[in-house]
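Just below is one structure, and these are the notes that go with it.
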Amino acid sequence: MLDPHLLRNHLDQVEKQLARRSVTLDSSRFRDLDSQRKAVQVETQSLQNERNRRSKAIGKAKAMGEDIQPLLDEVQDLGDRLKEAETRLSEIQAELEAFMLDIPNLLDDDVPSGRSEADNLEISRWGEIPEWSFTPKDHVDLGVPLGGMNFEAAAKIAGSRFVTLNGPIARLQRALIQFMLDLHLAEHGYLETYVPFMVNAESLRGTGQLPKFEEDLFAVQNDPPFYLIPTAEVPVTNLVRGEIIETDSLPLRYVAHTPCFRSEAGSYGKDVRGMIRQHQFEKVELVQIVKQEASADALEALTGHAEEVLKRLKLPFRRVLLCAGDTGFSSAKTYDLEVWLPGQQAYREISSCSNFRDFQARRLKARWRNPETGKPELVHTLNGSGVAAGRALIAVMENYQDENGNITVPEVLLPYMGGVTVIDRSIAGWIAAVSITHR
RNA sequence: GGAGAGGUGGCUGAGCGGUUGAAAGCGGCGGUCUUGAAAACCGUUGAGGGUUGAUCCCCUCCCAGGGUUCGAAUCCCUGCCUCUCCGCCA
């Protein structure tokens with residue numbers, strides 16, 4: 005949510021800013037609602053004031069044993085008038101709030117203009133794109149023959165856009181998760197946290213997924229409903245919802261591994277092959293809660309933490325600064341990390357790191373106490389994937405393959421693989437023997 | 001699933017339907033004292049909003065939402081959450 009004062013006092017500037025996102029603000033509607041709000045609020049408050057004064061007078065008179073009936077007669081219709089005003093005020097406030105909740109965040113000045121992915125700005129590249137003496141396979145052609153990856157089985161038990169993993173491939177994903185968590189804990193100073201995978205609507209409103217993007221979410225039937233988390237950002241950032249944080253506690257840095265659930269509505273026909281775009285995937289998420297002046301640097305640091313994962317895995321990647329049109333609703337500035345996938349001969353997103361500034365904090369009422377003033381101020385929130393484990397699995401498989409379809413385990417994952425150094429075709433027979441696979 | 005208790009400010013914890021936005025204690029902040037610190041003592045200390053140059057002032061908030069009343073932290077209803085006991089269970 006944007007600062008209401010900013011909307012009231014600098015509406016034209018906000019309009020101009022939002023135009024960068026190709027968002028048209030209905031400013032006359034805002035002006036109209038806000039002036040109504042003002043009038044009705046003043047009226048309501050003066051009626052409330054009158055009620056309070058009269059009631060106190062009655063209390064006093066009664067205490068002194070006076071006859072209060074004449075006083076009671078005077079306030080006869082006050083209650084009705086007040087109730088009517090209060091009802092109108094809450095209606096207008098609800099409308100105004102709904103209007104505000106639909107406005108996306110303002111972009112940082114250094115976010116490049118542009119409408120789509122094509123206009124994103126490449127910031128840097130890391131690692132060599134390898135030359136292959138054979139045609140590299142994609143993760144499906146590697147994983148399925150190994151018996152480590154089975155889409156038909158997942159389709160049977162759930163539906164499309166799911167996968168089952170077996171044996172060393174399943175373990176490889178777990179190894180990636182463990183490695184990432186350990187890295188962020190031991191070297192980047194994050195606190196590991198375990199959180200609910202289902203959340204209430206209030207939490208999703210806080211981080212900005214609701215009310216606008218309900219169709220992207222899976223809801224669980226319950227009254228009130230639960231939603232499966234689309235990212236750990238939601239439960240983790242909501243840890244600070246409604247809190248006033250003491251200055252010594254900042255910055256807060258959390259890392260969490262969770263599954264993520266996305267309906268992928270509107271992406272029919274997109275990335276239908278393989279594990280790229282699933283309804284359920286594993287992710288290690290970094291969340292930071294910082295003071296206003298620290299958030300720009302924190303975004304650089306956090307993105308660096310995500311990059312470090314890819315560097316240690318020796319996976320080629322590039323950092324991209326998203327353009328105005330591609331930057332998410334709540335974000336002021338977002339870097340994507342894109343990993344090289346030999347099977348697709350393309351860079352694909354594996355991490356997205358965003359600075360939300362005070363946009364989420366205002367919705368969350370997440371503040372810190374400034375000791376200089378003694379007053380609470382909004383925190384800034386950031387998060388980023390550190391990194392998406394499902395896509396990291398794909399990237400490792402494709403980048404570490406040989407021409408026989410074997411996969412070498414990256415060095416940093418060896419401690420987590422129980423002695424397995426190469427995942428080779430010999431496991432296929434064994435997996436087939438101990439599990440049900442459809443080949 | 002059954003039975004009971006409870007949700008009050010940063011924390012603990014009082015609060016006959018009437019000047020209670022809320023006692024007291026702790027914590028925080030400022031001061032006195034001290035070479036410095038501690039202790040002691042004095043003072044101060046919730047959040048959001050309207051208005052304002054800034055104050056003053058006004059409104060709202062004692063889990064949430066309804067209701068009763070001239071007036072609700074206090075009474076009634078519903079929901080949510082927490083705790084204790086029993087049952088069941090990874």
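Going by the numbering used here, the first sequence runs without a break in its numbering and finishes at 443.
In this text, a Cβ means the ideal position worked out from N, Cα and C, and glycines have one as well.
Just so you know, these numbers come straight off a predicted model, no measurement behind them.
1) Where do the ends of the alpha helix (DSSP H) carrying Q182 lie?
2) Between the beta-carbon of N410 and the beta-carbon of R395, is there less than 8 Å?
3) Under DSSP, the alpha helix (DSSP H) around K60 begins and ends at which residues?
4) Would you say the stretch 320-336 touches the stretch 284-298, given that touching needs at least three Cβ pairs under 8 Å?
5) Between E90 and the rest of its own chain, which residues show a CB-CB distance below 7 Å, the 5 nearest in sequence each way excluded?
6) My guess is that T262 and A236 are in contact by the Cβ rule of under 8 Å, so how many angstroms apart are they, rounded?
7) Quick check on the burial criterion: 16 or more other C-beta atoms within 10 angstroms. Buried or exposed for Y351?
8) Alpha carbon to alpha carbon, how far is Y194 from I233? Give it in angstroms, no decimals.
9) Could you name the residues that DSSP lists as bridge partners for C357?
10) Jot down the residue ranges of each uninterrupted beta strand (DSSP E) in the stretch 365-422, minimum 3 residues, whole runs only, in chain order.
11) Given that a residue counts as buried once 16 or more other Cβ atoms are within 10 Å of its Cβ, and exposed if not, what is G433?
12) Using the Cβ count rule (16 or more neighbours within 10 Å means buried), how would you classify M153?
13) Rounded to whole angstroms, what is the Cα-Cα separation between V424 and L303?
14) I297: which of A179, T385, H192 sits nearest, CA to CA?
15) Measuring CA to CA, which of I354, V400, P346 is closest to T139?
16) Which residues in the same chain as V353 place their Cβ atom closer than 6 Å to its Cβ, once the five residues preceding and following it in sequence are excluded?
17) In terms of residues, what are the limits of the alpha helix (DSSP H) holding E286?
18) Could you pull the start and end residues of the beta strand (DSSP E) that A1 belongs to?
19) Between the C-alpha atoms of L185 and K379, what's the straight-line distance to the nearest angstrom?
20) Can you tell me whether P414 is buried or exposed? The criterion is at least 16 other CB atoms within 10 Å of its CB, across all chains shown.
21) Buried or exposed for E250, please, with buried defined as at least 16 other CB atoms from any protein chain shown within 10 angstroms of its CB.
22) With DSSP collapsed to three states, give me the class of E250.
23) How many Å lie between S334 and N109 at the Cα?
24) Determine which residues share a DSSP beta bridge with A223 and list them.
25) What are the boundary residues of the alpha helix (DSSP H) that F103 is part of?
26) For L397, which of E95, N170, A223, V294 has the nearest alpha-carbon?
27) Just checking, does the stretch 352-371 make contact with the stretch 156-176 on the three C-beta pairs under 8 Å criterion?
28) I want to know whether the stretch 263-281 touches the stretch 210-226 - three or more CB-CB distances under 8 Å.
29) Compute the beta-carbon to beta-carbon distance between P239 and V199, rounded to the nearest angstrom, for a pair I have assumed lies under 8 Å.
30) Kindly examine the ligand NAD and report whether one of its heavy atoms sits closer than 7 Å to the Cβ of E47.
31) Taking the alpha carbon of A102 as the reference point, which residue from L37, N204, I280 has its own alpha carbon closest?
32) Name the two residues that bound the continuous beta strand (DSSP E) containing F201.
33) Check each candidate in S271, D252, V313 and name the one with the smallest Cα separation from V294.
34) If you drop the 5 nearest sequence neighbours on each side, which residues of the same chain put their C-beta closer than 6 Å to that of T412?
35) Report the partner residues of F321 according to the DSSP bridge assignment.
Based on what the coordinates show:
1) Where Q182 is concerned, the enclosing alpha helix (DSSP H) stretches over 171-190.
2) Using a Cβ distance threshold of 8 Å, N410 and R395 do not count as a contacting pair.
3) For K60, the enclosing alpha helix (DSSP H) stretches over residues 31-67.
4) Because the criterion of three Cβ pairs below 8 Å is not met, the stretch 320-336 and the stretch 284-298 do not touch.
5) Within the same chain, E90 has close Cβ partners T48.
6) The C-beta distance from T262 to A236 rounds to 4 Å, short enough to fall under 8 Å.
7) Buried.
8) Rounded to the nearest angstrom, the gap between the Cα atoms of I233 and Y194 is 21 Å.
9) Y339, G388, per the DSSP bridge assignment.
10) Runs found: 371-374, 379-382, 384-392.
11) Answer is exposed; the Cβ neighbour count stays below 16.
12) Result: buried.
13) C-alpha separation (whole angstroms): 36 Å.
14) This sequence places Glu at residue 297; Ile is not what is there. Selected option, being the one with the closest Cα: T385.
15) Comparing Cα positions, the closest option is P346.
16) The amino acid occupying residue 353 in the given sequence is Glu; Val does not appear at that position. Taken in chain order, the residues that qualify are D340, E342.
17) In the DSSP assignment, E286 falls outside any alpha helix (DSSP H) and lies within the beta strand (DSSP E) extending over 284-294.
18) It is not possible to answer for residue 1, since the shown part of the chain is limited to 5 through 443.
19) Rounded to whole angstroms, L185 to K379 spans 35 Å at the Cα level.
20) Classification of P414: buried, given that the 10 Å Cβ count is 16 or more.
21) By the Cβ neighbour-count rule, E250 is exposed, with fewer than 16 other Cβ atoms within 10 Å of its own.
22) In the three-state reduction of the DSSP assignment, E250 falls in the coil class, being assigned neither a helical nor a strand state.
23) Rounded to whole angstroms, S334 to N109 spans 5 Å at the Cα level.
24) For A223, which the question treats as bridged, DSSP gives the partners Y231.
25) Run containing F103: 82-105, per the alpha helix (DSSP H) assignment.
26) Here the closest residue by C-alpha is N170.
27) The stretch 352-371, when compared against the stretch 156-176, does not touch it at the 8 Å Cβ threshold.
28) The stretch 263-281 makes contact with the stretch 210-226; the number of CB pairs closer than 8 Å reaches 3 or more.
29) Between V199 and P239 the Cβ distance is about 4 Å, and since that is below 8 Å, they are a contact.
30) With respect to the ligand NAD, the structure offers nothing, as it holds no ligand at all.
31) A102 has its Cα closest to that of L37, out of L37, N204, I280.
32) That residue, F201, is in no beta strand (DSSP E); it is neither H nor E in DSSP.
33) Residue D252 is the option with its Cα nearest to V294.
34) Closer than 6 Å at Cβ, skipping near neighbours: Y404, V426.
35) According to DSSP, F321 bridges with W130, V343.
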